[in-house]
Structure formats: C-alpha cells, structure tokens
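First residue of the sequence shown: 1, per full-length UniProt numbering; consecutive thereafter. For each residue, glycine too, the CB sits at the ideal point set by N, CA and C. For reference, the structure discussed in these notes is given below.
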Amino acid sequence: MKLFNKRDAAQDTPEPAPPAKVGGKGRATPKRKEAEARRLHPVVPTDRKAAKAEARARRDEAWRLQDEAMRTGNERYLPPRDKGPVRRYVRDYVDARYSVGELFLPLSIALMIIVFGFSSTGSSGLSLMLLLGLYAVFFLAILDAIVCWWLVRRRLYAKFGVEEVKAQGVLFWYVFSRCFNLRRLRRPSPQVRRRQYPS
C-alpha cells in the first residue's frame with residue numbers, strides 16, 4: 001500500500017484553468033513611456049513662419065467677425081462686455097430715446113471755439129457766460145443719464161428679474177457711456193429706430 005503525502009497529492013490534481021476574460025479592449029495596454037511619447041509635441045513649431053501666419057490669420061478673422069458683430073448686433077461674436085439679452089435691452093432702450101449727452105460733445109467743441117474766439121477779442125463776460133452754459137449742459141446730461149438709468153432699471157427688473165439684472169454687474173456705467181456717445185458712433189451700432197422702445 002502506497003501512501004501519498006500532501007506534495008504528491010498537489011502534483012497529481014490538475015490546476016483549474018483561469019477564467020476567460022470577457023469584454024476586453026482587444027489590444028494591449030501601452031507602456032507609460034509610449035503613452036507619454038505619443039502626447040508630446042514640440043513647444044516651438046518646426047515652421048515658425050507658417051505658424052505665425054496661421055496665428056495672424058486666426059486673429060484677423062476674429063477681429064473681422066467681432067467688427068461685423070458690432071455693426072449687425074450678432075450676439076455670437078460680440079465681446080463679453082456687450083453680450084446677453086440684458087445688455088441688448090439696455091442698448092435698445094438708450095438708442096430709442098433722445099439723450100442730452102449726445103449733444104454735449106459737439107456742443108462743447110463749438111462752445112470752446114467760440115470762447116477762445118471771444119477771449120482773444122477781450123469779451124471776457126460773454127466767454128464766461130458761454131463756459132457756464134457748457135457746464136450747465138454737462139450737468140443736465142448727467143441728470144438725463146441718471147433718469148435714463150432709473151427708467152431702464154425698472155423695465156429690466158420687470159422683464160428679467162432682479163437677480164438676473166444684478167448678476168450682470170454695474171450697468172449704470174454702461175448706460176452712462178452710451179448716453180454720452182453720439183448715436184452714429186455707438187458700438188455696437190444701434191439696431192432700433194428713434195422711439196422704437198424694446199418691449
């Protein structure tokens with residue numbers, strides 16, 4: 001009678017086959033060095049002239065699209081300062097009304113020319129009156145811009161809600177700068193006619 005020890009028993013029993021892998025990716029996992037080498041690309045392009053020309057072409061195209069958007073009001077290519085329905089509403093409202101600030105720039109240039117003309121002739125009283133008139137127009141334009149902001153803010157709160165309007169930041173300076181600019185020089189260009197207020 002032959003006795004088997006544990007080692008012989010372990011050698012005689014066949015080892016179970018490893019379970020077949022289901023749903024593999026079908027390719028070997030790349031080594032870390034290979035993966036890193038694949039991701040590497042030169043920091044400096046090989047053809048600098050071509051890369052420079054390509055970057056300039058991209059920049060020129062971006063400027064062209066933005067300039068066109070400034071004329072047409074296309075929201076997609078407007079700068080972040082002018083994007084969004086709230087700012088579009090502000091622009092349309094300011095462009096629909098007559099602002100005293102529109103007259104300030106041409107009037108100030110004309111009055112300054114007149115003041116310098118009268119100061120050379122010795123009419124200091126008249127030039128002082130004209131200068132005071134210019135200051136009066138300036139303060140009236142500021143008051144008009146404040147009234148415009150107050151009116152447009154009420155409309156914005158009613159249309160978009162207080163939270164969305166406050167999320168846009170300080171819109172007063174946006175209204176103020178547009179009120180003091182000549183209508184034809186405003187950017188983005190006005191998209192509404194006079195008295196055509198947004199709903």
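When DSSP labels each residue in this structure, what does residue i get in the three-state scheme?
i: ASP92; result: helix
i: GLY73; result: coil
i: ALA167; result: coil
i: TYR197; result: coil
i: PRO79; result: coil
i: SER99; result: coil
i: PHE139; result: helix
i: ARG186; result: coil
i: PHE104; result: helix
i: LYS31; result: coil
i: ASP47; result: coil
i: GLY133; result: helix
i: VAL115; result: helix
i: GLN191; result: coil
i: GLY84; result: coil
Give me the residue from the options with the minimum Cα distance to residue i.
i: PRO188; options: GLU61, ARG71, GLU34; result: ARG71
i: LEU151; options: ARG64, TYR93, ARG58, ARG38; result: TYR93
i: LYS159; options: PRO85, ARG81, SER99, ASP60; result: PRO85
i: SER108; options: ARG32, SER127, TYR98, ARG91; result: SER127
i: SER199; options: PRO80, TYR89, ARG58; result: TYR89
i: GLN168; options: PHE139, LYS52, ARG153; result: ARG153
i: ARG87; options: TRP63, ALA37, SER177; result: SER177
i: ARG185; options: PRO106, LEU111, GLY161, GLU163; result: It is worth fixing the name first, because residue 185 is Leu in this sequence and not Arg. Answer by Cα proximity: PRO106.
Beta-carbon within less than 7 Å of residue i's beta-carbon, same chain only, minus the 5 sequence neighbours each way: which residues are those?
i: GLY101; result: ALA141, ASP144, ALA145, CYS179, PHE180
i: ASP82; result: PRO188
i: GLN196; result: ALA96
i: GLY161; result: none
i: residue 200; result: Nothing can be reported for residue 200, as the shown portion of the chain is limited to 1 through 199.
Is the Cβ of residue i closer than 7 Å to any Cβ of chain D?
i: GLU164; result: Of the protein chains in the structure, only one exists, and it is not chain D.
Beta-carbon within less than 6 Å of residue i's beta-carbon, same chain only, minus the 5 sequence neighbours each way: which residues are those?
i: GLN66; result: TYR77
i: PHE4; result: Reliability of the predicted coordinates at PHE4 is poor, the pLDDT of 49 falling under 50, and no value is obtained from them.
Less than 7 Å between the beta carbons of residue i and residue j, yes or no?
i: VAL165; j: LEU156; result: yes
i: PHE104; j: VAL137; result: yes
i: ILE114; j: LEU134; result: no
i: ARG96; j: VAL192; result: The question names Arg, but residue 96 is Ala in the sequence shown. Cβ distance < 7 Å, so ALA96 and VAL192 count as in contact.
i: PHE116; j: TRP149; result: no
Whose C-beta lies closer than 8 Å to the C-beta of residue i among residues of the same chain, with five residues either side of it excluded?
i: GLU68; result: ASN74, TYR77
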